[in-house]
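To start, the structure under review is shown below, and the notes come after it.
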Amino acid sequence: MTRIITVGLGERAYAIHVGNGLLANAGALIKPFAKGVMPVVTDAHVGEIHLANFLQVMGKAGLDARPIVMPPGEGSKSFSGLETVSNQLLDMEIGRGGLIVALGGGVIGDLTGFAAGVLKRGVAFAQVPTTLLSQVDSSVGGKTGINTRQGKNLVGVFHQPRLVICDIALLSTLPRRELLAGYAEVVKYGALGDAQFFEWLEQNGVRALSGDHEAMVHAVAHSCQLKADIVARDERETGERALLNLGHTFGHALEATTGYSQRLVHGEGVAIGMALAFRLSVKLGLAPGQDAERFVRHLQAAGLPSSIADIPGPRPDTDALIAAMGHDKKVAEGKLNFILLKGLGKAFVTSDVPKDALRDVLNS
30 MTRIITVGLG
40 ERAYAIHVGN
50 GLLANAGALI
60 KPFAKGVMPV
70 VTDAHVGEIH
80 LANFLQVMGK
90 AGLDARPIVM
100 PPGEGSKSFS
110 GLETVSNQLL
120 DMEIGRGGLI
130 VALGGGVIGD
140 LTGFAAGVLK
150 RGVAFAQVPT
160 TLLSQVDSSV
170 GGKTGINTRQ
180 GKNLVGVFHQ
190 PRLVICDIAL
200 LSTLPRRELL
210 AGYAEVVKYG
220 ALGDAQFFEW
230 LEQNGVRALS
240 GDHEAMVHAV
250 AHSCQLKADI
260 VARDERETGE
270 RALLNLGHTF
280 GHALEATTGY
290 SQRLVHGEGV
300 AIGMALAFRL
310 SVKLGLAPGQ
320 DAERFVRHLQ
330 AAGLPSSIAD
340 IPGPRPDTDA
350 LIAAMGHDKK
360 VAEGKLNFIL
370 LKGLGKAFVT
380 SDVPKDALRD
390 VLNS
């Protein structure tokens, strides 16, 4: 069963293919967009598992696929990583009419998309995400970028892919922790704008995480559909698209204060961040307490962290967390924008958050 979702951006519209075992047909899907040399950017870890098979599939389709292998981890999503990828792309003499493929998780997708966006003032690229997190979030919507010492994703461009291929069979090689981290972004879609989907996840989410292909295809496809609809309405995040950052203001601050380390991976930070957003919403009298409890219960049932106390090691300092939030891209005119909730499926943006209430929630 393959689901095809269209991101409706006029002349720049593109398809997201979601299914089980799609990689076998990836050559036929990619070929219409490729011309000449086709660089495939991946990292050493993903490359070890998937690259040989991917290159073989591309070769059978008559594509001249050539790998660029980066070190795994956030360190590659940097100015030095961008320079390395850009130089190798230029050495391959890829033309402006060519196609670059990102084969990997969010780091590779963001880095490759940014390199494609600035190389020769814009080269097309395709996303073949290999993690649940990248399938339902970073591979869709055209946000690309790198990290700097000031924070995550502060340098980048909007550059939409020409094609996204989400093969859920690739998820079978993920460590459990990475799968759960991706699931946090799936839960996010239900929490921010689709209470019925959240209810479906309560009934089927654990089944999807346990290897039920049909359930996982639905979870990924529905998440992509929800994001595609929002991106089509607000590509540059001038309004509604900001809702997709639910949990991220808190989550990015938690990642920063834990040193972007294995103490806390991105999806775990988002899970805790969403729980904090619910708690802050309840504290401000915006959301019913039972919705927040229901949300946290589902995170816990899935095996995700739901509070700052769940992070191993020393507790992040509250002042450091608030300072880290000040570096967030969602700061506007000196005020930090929060994504809060009026209940499950009812997210909204506000900058009207008293510091005392924020501090109390972070200390709780």
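Adding 29 to a residue's 1-based position in the sequence shown gives its number in the working numbering. Where a beta carbon is used, it is the ideal one built from N, C-alpha and C, also for glycine. None of the values given here were measured: they were computed from a predicted structure.
The shortest C-alpha to C-alpha distance from glutamate 122 to any of His79, Val66, Val70 is the one to Val66. Going by DSSP, glutamine 156 is part of the beta strand (DSSP E) stretching over 153-158. In this structure, leucine 365 places its C-beta atom within 8 Å of the C-beta atom of threonine 278. The C-alpha of glycine 222 lies about 6 Å from the C-alpha of alanine 376. DSSP places glycine 180 inside the beta strand (DSSP E), whose first and last residues are 180-184. Beyond the five residues adjoining it in sequence on each side, leucine 309 comes within less than 8 Å, by CB distance, of Phe367, Leu369, Val382, Ala386, Leu387, Val390 in the same chain, given in chain order. By the Cβ rule, the stretch 256-271 does not count as touching the stretch 50-62, because fewer than three pairs are nearer than 8 Å. Rounded to whole angstroms, the gap between the alpha carbons of leucine 128 and glycine 170 is 18 Å.
Per DSSP, the continuous beta strand (DSSP E) segment holding threonine 379 begins and ends at 376-379. Counted as a single uninterrupted DSSP element, the stretch harbouring valine 36 is not any alpha helix (DSSP H) but the beta strand (DSSP E) occupying residues 32-36.
Under the three-state reduction of DSSP, leucine 313 is assigned to coil, being neither helix nor strand. In this model, arginine 32 and aspartate 241 are separated by some 16 Å (Cα to Cα). For valine 147 and glutamate 112, the gap between their C-alpha atoms comes out near 11 Å.
In chain order, Thr202 place their CB closer than 6 Å to the CB of isoleucine 78, counting only its own chain and leaving out the 5 sequence neighbours on each side. Ranking Arg265, Glu228, Leu162, Phe154 by CA distance to the CA of arginine 206 puts Leu162 first. Burial check for glutamine 254: the Cβ neighbour count within 10 Å reaches 16 or more, so the residue is buried. If you draw a straight line from the Cα of glycine 302 to the Cα of isoleucine 137, it comes to about 24 Å. Taking C-beta separations shorter than 6 Å and ignoring five residues to either side along the sequence, the partners of alanine 224 in its chain run Leu373, Gly374, following chain order.
Its chain contains Gln189 as the residues whose beta carbon lies nearer than 8 Å to that of arginine 41, once the 5 sequence neighbours on both sides are disregarded; these appear in chain order. It is roughly 9 Å from the alpha-carbon of histidine 327 to the alpha-carbon of valine 235. When secondary structure is reduced to three states using DSSP, methionine 121 falls in the coil class, being assigned neither helix nor strand.
For phenylalanine 367, the enclosing beta strand (DSSP E) begins and ends at 367-370.
Non-local C-beta neighbours of histidine 356 in its own chain, meaning closer than 7 Å and more than five positions away in sequence, comprise Gln179, Gly180, ordered along the chain.
Apart from sequence neighbours up to five positions away, the residues of its chain that approach methionine 245 with a beta-carbon distance below 6 Å are Ile197, Ala237, ordered along the chain. Only residues of its own chain outside the window of five on either side were considered, and among them Met99, Pro101, Gly133, Ile137 have a CB closer than 6 Å to the CB of aspartate 72, listed in chain order. Within the same chain, Cβ atoms closer than 6 Å to the Cβ of aspartate 263 are found at Glu269, Arg270, the five residues on either side in sequence being excluded.
Taking 8 Å as the cut-off, the Cβ atoms of glutamate 284 and leucine 293 count as close.
In this structure, the CA atom of alanine 353 is about 44 Å from the CA atom of lysine 64.
In terms of Cβ geometry, asparagine 49 and lysine 106 do not form a close pair [threshold 8 Å]. DSSP places histidine 356 in no beta strand (DSSP E); its state is neither H nor E. Residue environment for serine 290: exposed (fewer than 16 other C-beta atoms within 10 angstroms of its C-beta). For alanine 131 against valine 70, the beta-carbon gap comes to about 5 Å, under 8 Å, which counts as contact.
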